[in-house]
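Colleague:
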Amino acid sequence: IHLGDGMLSKTNMGPLTTTRQLDRAHHYAQSVTDWDGNILPATRTKNCKGNFFAPTLATNIDHNHPLVQEEQFCPILPIIPYHDIEEAITWANDSEFGLSASVWTETPQLGYEIANQLQCGRVGINGHRRGEFPAPFGGWKKSGIGRELGEWGLLEMSQSQVINLF
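Quick note, in our numbering, the sequence shown goes up one by one and the last residue is 1471.
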């Protein structure tokens, strides 16, 4: 991963948007080590000036860790082993939030079966992105009420009125 100026073609990832978000990412990384977990950065940020935080893996934590339970919006991916699919689905749904999720599998049908059990606004199978404009975007639970984008988004941003003429 090449961190740097997002306007340069060689850059894969730019900075976080604010210093506050950078501090939040460092807080989550520290909390992983405080739980005796492991932090594995994908690249170094020592030569980057600005709000850069390298994509990072967090291991040796469980699904109750704040990195998993909160919407952290930073490039730290927790890797948590599970015993069976039911356990993984239960853990995925065991959160106050439900913006989006992804299911990675060699069997698309299994991906659909799992996706239908996840409590979130959007599920990617073998990928994770926001999607196309006509598709609604929004979460479940504390990840927001309502949708944006497409017809649903227009309806959310408007106020209807009925006028009856007699």
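Just so you know, even glycine gets a beta-carbon here, dropped at the ideal spot from N, CA and C. Just so you know, these numbers come straight off a predicted model, no measurement behind them.
#1: Hey, Ile1381 and Thr1361 are a contact pair by Cβ (cut 8 Å); roughly how many whole angstroms apart?
#2: Tell me, please, which residues DSSP counts as bridged to Met1318.
#3: For Ile1394, name the three-state secondary structure that DSSP assigns.
#4: Could you tell me whether the region 1336–1346 touches the region 1310–1317, using the rule of 3 or more Cβ pairs below 8 Å?
#5: Pick helix, strand or coil for Pro1346, following the three-state DSSP scheme.
#6: My assumption, with CB atoms under 8 Å, is that Ile1430 sits in contact with Gly1416. Please give the rounded CB distance.
#7: Use the C-beta contact count for Arg1325: other C-beta atoms within 10 angstroms, 16 or more gives buried, fewer gives exposed.
#8: Please give the ranges of any alpha helix (DSSP H) in the region 1364–1391, keeping only runs that are unbroken, at least 4 residues long and fully inside the region.
#9: Can you tell me whether Ala1406 is helix, strand or coil according to DSSP?
#10: To the nearest angstrom, report how far apart Asn1421 and Gly1403 are at their CA atoms.
#11: In this structure, how does DSSP classify Thr1338 when only helix, strand and coil are distinguished?
Modeller: Let's see:
#1: 5 Å
#2: Leu1308
#3: helix
#4: no
#5: strand
#6: 4 Å
#7: exposed
#8: 1371–1374
#9: strand
#10: 13 Å
#11: helix
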